[in-house]
Structure formats: structure tokens, C-alpha cells
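Engineer:
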Amino acid sequence: MSGIHIDDVSRQFGDFTALEEVQLQVREGEFFSLLGPSGCGKTTLLNLIAGFLDPTRGRIMIGGKDVTGLPPYRRGLGIVFQDYALFPHLSVFDNVAYGLRIRKQPKKEIKRRVEEMLALVQLSSMADRRPHQLSGGQRQRVAIARALAIEPSVLLLDEPLSNLDAKLRKAMQTELRTIQRRTGVTTVLVTHDQEEALSLSDRIGILGHGRLQQVGTPLEVYRRPANRFVADFIGQVNLIQTAVAAERSTGRNRHAAIDYEIAAGVPLLLETTGSAEGSGLYMIRPERIKIALTAGNSGEANRAPGVISHVGYAGDQVRLHVQLAGKGELQVVASDPLFPVLPSAGDRCELYWDAEDVIALPPEGV
Ligand code: ATP
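At position 128 of the sequence shown the residue is numbered 149 (the numbering used here), and the sequence of numbers has no breaks.
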């Protein structure tokens, strides 16, 4: 049993509340990411799990045992920091062996375990090198091997890949996930990189303003964000605030139709399968919007004529801004093969999408 239970935890720094009433269960063997913007409380929560900080209120359980108040070294954790924190004067072998020596393991067992860990992170041939003789990615792999050598019940990763360049970072992400699957260690990753969290995690906890805003699988938090904060933070989003919550049932598949006045006399008729229950806030992801390079008519549900105002070519995809008749604007992401010739700013188009892709969001502050 090595799950983590964060039970109604709050943390104050003087008058400032960095974390408020956090309730979270990280399951045994799970790869869990804590994601959120700078200053939202991610590191504070990780430090509370690690034991570098104590909660002002609440308790923390690891493997069913209350560890609140226990020092870090008695929690059975492996920790990897952003700056690796390797011992510069020790070889790769000795860095990985460090925790085992502190725990007074037999020499033979230390050798076996270190060799096993170096093989896991593919550094067997570099056991005698010092950290300064390694690349950033190799150093990070030593840090992971060192953290795993003691067979921790939980692995904590604090932005471990943020010092690496984009390409190496991607490669290390895949490697990290492979190592985690192979060892089955319960893992908590702190990151502000949404793509990293989405691609690596079994589940993600999104923190905002010191509160856990949503916990879910990558698919859940992306497709069904719990509120505006999550919708806005993860990925690109078109948010549509209806001026008057003029919802009416169309009687078709329990769809609600919403007239959204984007300009005098030009309503955008949204049809959705959900209801924003009075908040009048809806979202559509840019990649869910389809585009036809022909002038369209307004008035039909989930269709809108417009004029392209910006075209951003990104190789695999094309990002467009479309000015709707009047003042509204929608962002559209289309895949590259859709356009034999790239459209230009000023071209007329028609946007359309499915009712299932109009997601109702609850009122602010929920
Ligand atoms: P980042 O991504 O920038 O590292 P974070 O989400 O990890 O941010 P934390 O480091 O957990 O954020 O900090 C959360 C909030 O608590 C911030 O507003 C920070 O200024 C505050 N804070 C953190 N540590 C202390 C401290 N020792 N004393 C006072 N305030 C603190």
C-alpha cells in the first residue's frame, strides 16, 4: 500500500493562505501530476507530502500511515528536484549508492542495486563519471536512479525536466513514464507544463489560487473542464458568455439552444447537450470547429459566417482567428492537409461544429 491521502490540508504562510482545504487521494502505482500556473501552490503541496513543510491544518497519509509531522527521511520517499541536486564530487555510481549507504545496506547488495538502477536509466557505461562530465539529460537520469535506488514507496518529482531543451525534454518524458511503468512506483509530478501533464499522467490535479480546481484523467480535464479556470488553463479555448441566458429547449436530444447576440441583429445560435444553469458560459475547443472556405448564412444553430483575420501556420496544423459578423471572434485549429492552399486574412469562411462540442461551464467561483 503506497497511495497518498491528503486529508483536508491547508497551509498558511503568515496571513497568506497558500493552500486551502485540499482533499486528494493519489492511488497506489499511479502517475499523478500536480498542474497549475506559477504561484498556485504546487511546490507547497509537494513539500507537504515530502515533509519539508508541515500543514497548518489537516493530515497526510502515505501507505495508510499518518506521516504528518514525520521528517522527510522517515517517509520512504524518492525525490527528484529541478536542479538534480547531485553531489558534484561523487561519481555516478556513488551518487546512486548514497541513500543505500546511509541505510547501511551490505556492500554486495549496494553494488547489485546500483547496477540495476543504472541499467534502468541506461547509464551503465557511465558509472565512473562525475556529474560535470554528463549532459543535462544524463544528470537527470542519475537523479532518477538515485531516487529509485532506495526502493521508495513514493517518487516525488519537482519540475524535473524544466532545465532541459525541448527535444531532450520530450525524450526524457517518454523515458520517465517507461521507468515508472516498469517499477510501478506511485509518482507525483509537479509541473506547469500542461502538455507534459496531459501526456504523462494517469490523472491530473489542477491547482489554482491555492485550491484544487479539478482532479481527473487527462481526457476528463481537457474535454470536460470543471470550471472556467480549468478550461482556460488547459489548452486553447473559445469562451462564449451569453449576455442574456436565453436558454430554450429545442426538444431535440435534450439540446438547449442559446441565442448569443454577437452584434446587433446577428445572433449566434448555440446548440448544446448541456446546460450552464444560469451562468451562460460555454466553451468550444478550437480544434472542434470546422471551417469551410465559402461565405455562409447566419441563423442556423452552431454555424457562423465570418472573415479570417489571422492565419498562423505551424506545420502540422493551421491556427486561424475568425471575426464573426460583428464583434465576436473564434479561434480555429485545423490540420494542415485540410488546405491545398493556405487561406489569407480577409478571406470569407463559414464555421460549424457539433452540439456535443459546446460545453456548458458552471458559474464563476464554483
Ligand atoms: P511555481 O510554479 O512558480 O514554482 P508554485 O505553484 O509551486 O509556483 P508555491 O511555491 O507552492 O507555488 O507557492 C504558492 C504561494 O505561496 C506563492 O504565492 C508563494 O509566494 C507563497 N509562498 C511559498 N512559500 C512561501 C514562504 N516560505 N513564505 C511566504 N509565502 C510563501
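Ideal Cβ positions, reconstructed from N, Cα and C, are used throughout, including at glycine. Quick caveat: nothing in here was measured; it's all calculated off a predicted structure.
Does the beta carbon of T38 fall short of 6 Å from some heavy atom of ligand 1?
Structural biologist: Within the sequence shown, numbered from 1, the residue matching residue 38 stands at position 17. Every heavy atom of ligand 1 is 6 Å or more from the Cβ of T38, so no.
Engineer: Grouping DSSP H, G and I as helix and E and B as strand, with all else coil, what is S183?
Structural biologist: Position 162 of the sequence shown, counting from 1, holds the residue named residue 183. In this structure, S183 counts as coil in the three-state DSSP scheme.
Engineer: Restricting to Cα atoms, I'd like to know which of D29, A118, A325 is closest to E136.
Structural biologist: Here residue 136 refers to the residue found at position 115 when the sequence shown is read from its first residue. When each option's Cα is compared against that of E136, the closest is A118.
Engineer: Ordered along the chain, which non-local residues of its own chain (more than five positions away) have a Cβ less than 8 Å from that of F108?
Structural biologist: As a working note, residue 108 is residue 87 in the sequence shown. Once the five neighbours on either side are set aside, the close Cβ partners of F108 are D115, N116, Y119, P152.
Engineer: Under a three-way DSSP split, which group does V206 fall into?
Structural biologist: Locating residue 206 in the sequence shown gives position 185, where the first residue counts as 1. Residue state, collapsed to three classes: coil.
Engineer: Could you tell me the distance, in whole angstroms, from the CA atom of G24 to the CA atom of S156?
Structural biologist: Indexing the sequence shown from 1 puts residue 24 at position 3. Indexing the sequence shown from 1 puts residue 156 at position 135. Those two C-alpha atoms are separated by around 33 Å.
Engineer: Pull up the distance between the alpha-carbon of E371 and that of P383, whole angstroms please.
Structural biologist: The residue you call residue 371 lines up with position 350 of the sequence shown. The residue you call residue 383 lines up with position 362 of the sequence shown. Going by the C-alpha atoms only, they are around 29 Å apart.
Engineer: Specify, as a first and last residue, the run of the alpha helix (DSSP H) that P239 falls within.
Structural biologist: Within the sequence shown, residue 239 is the residue found at index 218, counting from 1. It spans 239 to 244 - the alpha helix (DSSP H) in which P239 sits, taken as one unbroken run.
Engineer: Give me the residue from D223, M147, D375 with the minimum Cα distance to E321.
Structural biologist: Residue 321 sits at position 300 when you count from the first residue of the sequence shown. Comparing Cα-Cα distances from E321 to each of D223, M147, D375, the minimum goes to D375.
Engineer: Going by C-alpha to C-alpha distance, which of A346, Q194, L67 sits closest to L228?
Structural biologist: Taking the first residue of the sequence shown as 1, we reach residue 228 at position 207. Per the Cα distances, L67.
Engineer: Can you tell me whether D378 is helix, strand or coil according to DSSP?
Structural biologist: By 1-based counting over the sequence shown, the position of residue 378 is 357. Helix.
Engineer: Can you have a look at S365 and say buried or exposed, based on whether 16 or more other CB atoms are within 10 angstroms of its CB?
Structural biologist: Within the sequence shown, residue 365 is the residue found at index 344, counting from 1. Counting Cβ neighbours within 10 Å, S365 comes out exposed, since fewer than 16 surround it.
Engineer: With H, G and I counted as helix, E and B as strand and the rest as coil, what does DSSP make of A266?
Structural biologist: By 1-based counting over the sequence shown, the position of residue 266 is 245. Confidence in A266 is poor, its pLDDT being 45 and thus under 50, which makes the residue's placement too unreliable to answer from.
Engineer: Assuming S222 and F53 make a contact with CB atoms under 8 Å, what is their CB distance in whole Å?
Structural biologist: Locating residue 222 in the sequence shown gives position 201, counting from the first residue. Locating residue 53 in the sequence shown gives position 32, counting from the first residue. Rounded, the Cβ-Cβ distance is 6 Å, consistent with contact.
Engineer: Just the Cα atoms here: how many angstroms apart are Q44 and I83?
Structural biologist: The count along the sequence shown starts at 1 and reaches residue 44 at position 23. The count along the sequence shown starts at 1 and reaches residue 83 at position 62. Distance between the alpha carbons of Q44 and I83 is about 14 Å.
Engineer: If we require 4 or more residues per run, which alpha helix (DSSP H) segments fall completely within the segment 49 to 87?
Structural biologist: Correct list: 63 to 71.
Engineer: If contact is defined by three or more beta carbon pairs under 8 Å, each pair taking one atom from either stretch, is the segment 238 to 246 in contact with the segment 72 to 82?
Structural biologist: Counting Cβ pairs under 8 Å, fewer than three are found: no touch.
Engineer: Does the Cβ of N274 have 16 or more other Cβ atoms within 10 Å, making it buried, or fewer, making it exposed?
Structural biologist: Stepping through the sequence shown from its first residue, residue 274 is reached at position 253. The pLDDT assigned to N274 is 44, lower than 50, so where the model puts this residue is not dependable, and the model offers no usable value.
Engineer: Is H230 near ligand 1, going by C-beta to nearest heavy atom under 6 Å?
Structural biologist: For the purposes of this step, residue 230 is identified with residue 209 of the sequence shown, where counting begins at 1. For ligand 1, not one heavy atom lies less than 6 Å from the Cβ of H230.
Engineer: Closer than 8 Å is the cut-off here; do at least three beta carbon pairs connect the segment 345 to 360 with the segment 251 to 266?
Structural biologist: Contact between the segment 345 to 360 and the segment 251 to 266 is present, because at least three Cβ pairs lie under 8 Å.
Engineer: Look at the Cβ atom of T315, then the Cβ atom of A381, and state whether they are nearer than 7 Å.
Structural biologist: Counting from 1 along the sequence shown, the entry for residue 315 is found at position 294. Counting from 1 along the sequence shown, the entry for residue 381 is found at position 360. Not in contact: T315 and A381 (Cβ atoms no closer than 7 Å).
Engineer: Rounded to whole angstroms, what is the Cα-Cα separation between E49 and V175?
Structural biologist: Looking up residue 49 in the sequence shown gives position 28. Looking up residue 175 in the sequence shown gives position 154. The straight-line gap from Cα to Cα measures roughly 9 Å.
Engineer: Assuming L363 and V332 make a contact with CB atoms under 8 Å, what is their CB distance in whole Å?
Structural biologist: For this step, residue 363 is matched to residue 342 along the sequence shown. For this step, residue 332 is matched to residue 311 along the sequence shown. Contact flag correct, Cβ pair sits at about 6 Å.
Engineer: Can A166 and V142 be called in contact, C-beta distance under 7 Å?
Structural biologist: As a working note, residue 166 is residue 145 in the sequence shown. As a working note, residue 142 is residue 121 in the sequence shown. Closer than 7 Å, so yes.
Engineer: When you compare each of Q103, R306, V30 to A355 by their alpha carbons, which one comes out closest?
Structural biologist: Working through the sequence shown from its first residue, we reach residue 355 at position 334. Nearest option by C-alpha distance: R306.
Engineer: With a threshold of 8 Å on Cβ separation, who are the neighbours of S31 within its own chain once the five nearest residues in sequence on each side are excluded?
Structural biologist: Position 10 of the sequence shown, counted from the start, is the residue given in the question as residue 31. Same-chain partners within the cutoff: T38, L40, E41, E42, V43, P76, T77, R78, G79.
Engineer: C61: beta carbon under 6 Å from a heavy atom of ligand 1?
Structural biologist: On the sequence shown, position 40 is the one that residue 61 refers to. Yes, ligand 1 has a heavy atom inside 6 Å of this Cβ.
Engineer: Does L359 pass the burial test, meaning 16 or more other C-beta atoms within 10 Å, or should it be called exposed?
Structural biologist: Your numbering for residue 359 matches position 338 in the sequence shown. Classification for L359: exposed.
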